[in-house]
Amino acid sequence: MESFEDVRIRRPELESFVADLLEKAGARRDGAEATARAVVDASARAFDTHGVRLVPHYVESLVSGRVNGAPDLRFTRQAAAVGHLDADDGLGHLASYRAVEEGVAMARETGIAAVAVARSSHHGATGCYTLAAARQGFAAIGMTHSDAIVVPHDGLKPFNGTNPISFALPVAGEEPMLLDMATSSIPLNRVFLRRATGQPLPPEVAVDKDGAVTTDPHQATALMPLGGTAYGYKGAGLAAMVDILCSAFTGMAHGAALPAFTGTEESQPVSLGHFFIVLRPELFQPLALFDARVAAFLADLRSQPAKPGTRVMAPGDPERDAQADRRANGVPVDLTTWDSLREIAVRHGVAVPTTVPKA
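Here UniProt numbering is used: the first residue of the sequence shown is 1, the next is one more, and so on.
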């Protein structure tokens, strides 16, 4: 979890505020609300690197024309359990929620469905979409690729994107289990957040312009694959899998051939691919047995002996702990991001929500 100075906003007010900002920047209301839902959900679950701090970037992308604010999303069912969604270079959050809903509809019939998304844009935290499926009783796997920002194992020049993978699973009687991870050592947004908060990076997660490992977020120009110096081939291999599913299976270019997310051609669409797989558990096993197996796994995992002062957690448990605090005390927004949001609000005449008084 990141630590930073912040203001706190109640979730409904923050979500409405973000949607209003995006709409004023050129997004149609459905896209603005989908993006606000995703980024506030991420921040509420302590995925701060992919939460509200991304809103100024999305505003800039809409204003510059890089992202189409009023896309014509076109879904085609290619086979009983295969779908393709053309996102028309719109907001990736709208496209990803739509893709998962189409996947859920197909999986109700077939037990499993795959949806490839083409001509999309950055969609924030991939776990937002797998979680949406899990909350409807479906297991889901999601992934996306990006432009080159991660050096390959033993490489000096960026080739892969951060290429995250997410897996969400419904759990009877509690919130779904959620894995949401980059195949790089850290997500790029953690570098940006550390720049904003003035904190150094952990060791062996980033390199400078010469390919040397650095902990200075201001010197970091690329990330290392998951596994670091010695075992980065593991993260690089996972990144390759994600890139193929999000490029060859969607028709998009692979990450190293995509336009840079930041650079001189800010009006050029990035045309990303996403890939989702949705599974209906009760068509694989009786639901009671499935629920019992999942519950037994989680109980056994969480009861494992742990180092002093720690406990063994299941995927998503740390975020769940943070979510309880943020539900009670408001969603934190780092001060740099909050200043940017207020500036955008003043520019577009959007009312700024009241912050939660600190105890």
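Yeah, the Cβ is synthetic: ideal placement off N, Cα and C, and Gly gets one too.
7 Å Cβ cutoff met for residue i and residue j
i: N189; j: T49; result: yes
i: A206; j: T214; result: yes
i: H57; j: T144; result: no
i: P269; j: D72; result: no
i: A113; j: M106; result: yes
i: L85; j: V67; result: no
i: S96; j: H123; result: yes
i: A70; j: S120; result: no
i: L62; j: G26; result: yes
i: L238; j: P217; result: no
i: F276; j: G142; result: yes
i: H153; j: G255; result: no
i: V350; j: D20; result: yes
i: G173; j: R280; result: no
i: V52; j: F138; result: no
i: T183; j: L226; result: yes
Residue span of the alpha helix (DSSP H) that contains residue i, given as start and end
i: I165; result: Where I165 is concerned, there is no enclosing alpha helix (DSSP H), although the beta strand (DSSP E) it sits in stretches over I165 to V171.
i: M106; result: G92 to T110
i: V294; result: L287 to R302
i: A256; result: Careful: A256 lies outside any alpha helix (DSSP H) and carries neither H nor E.
i: V39; result: R29 to A44
i: V59; result: V55 to S64
Three-state secondary structure (DSSP) of residue i
i: I277; result: strand
i: R326; result: helix
i: H84; result: strand
i: E5; result: coil
i: T130; result: helix
i: D89; result: coil
i: E175; result: strand
i: I12; result: A small correction: the amino acid at residue 12 is Pro; Ile does not occupy that position in the sequence shown. Three-state DSSP puts P12 in a helix.
i: P357; result: coil
i: G124; result: coil
i: S184; result: strand
i: I149; result: coil
i: L201; result: coil
i: R119; result: strand
i: V213; result: strand
i: L283; result: helix
i: A240; result: helix
i: P305; result: coil
i: V191; result: helix
i: A206; result: strand
i: L223; result: strand
i: A114; result: strand
Rounded Cβ spacing between residue i and residue j (contact assumed at less than 8 Å)
i: A42; j: A125; result: 4 Å
i: V294; j: A222; result: Their Cβ separation, rounded to whole angstroms, is 38 Å, which puts V294 and A222 out of contact at 8 Å.
i: E102; j: V115; result: 6 Å
i: G235; j: E204; result: About 11 Å; that fails the 8 Å criterion.
i: L22; j: A38; result: Not really, about 11 Å apart at Cβ, beyond 8 Å.
i: L335; j: S146; result: Not a contact, Cβ separation roughly 27 Å.
i: L94; j: A34; result: 4 Å
i: V59; j: V40; result: Actually they are not in contact, since the Cβ atoms of V59 and V40 sit about 15 Å apart, beyond 8 Å.
i: M241; j: S185; result: Going by Cβ atoms, the distance from M241 to S185 rounds to 17 Å, so no, they are not a contact pair.
i: T250; j: A118; result: 4 Å
Contacts around residue i, its chain only, beta-carbon distance under 8 Å, and the 5 residues preceding and following it disregarded
i: P332; result: F4, D6, V7, R8, S43, D48 and R326
i: P176; result: L131, A134, R135, A168, L169, P170 and G316
i: L179; result: G127, I165, S166, F167, A168, P315 and G316
i: R302; result: R311, V312, M313, A314 and D317
Chain D within 7 Å of residue i, Cβ atoms only
i: D334; result: No chain D appears in the structure shown, which is made up of a single protein chain.
7 Å CB neighbourhood of residue i in its chain, flanking five on each side removed
i: R320; result: E175
i: R11; result: V40, A44 and V331
i: K157; result: V151
i: D208; result: T214, Q219, A220 and T221
i: V356; result: R8, I9, R10, N329 and G330
Beta-carbon proximity list for residue i, same chain, < 6 Å, skipping 5 on both sides
i: E13; result: P353
i: R77; result: G83
i: F290; result: P281
Range covered by the beta strand (DSSP E) that runs through residue i
i: G142; result: A139 to T144
i: P269; result: First-last for P269: undefined, no H or E at that position.
i: D154; result: Here D154 belongs to no beta strand (DSSP E), and DSSP marks it neither H nor E.
i: T76; result: R74 to A79
i: V331; result: V331 to D334
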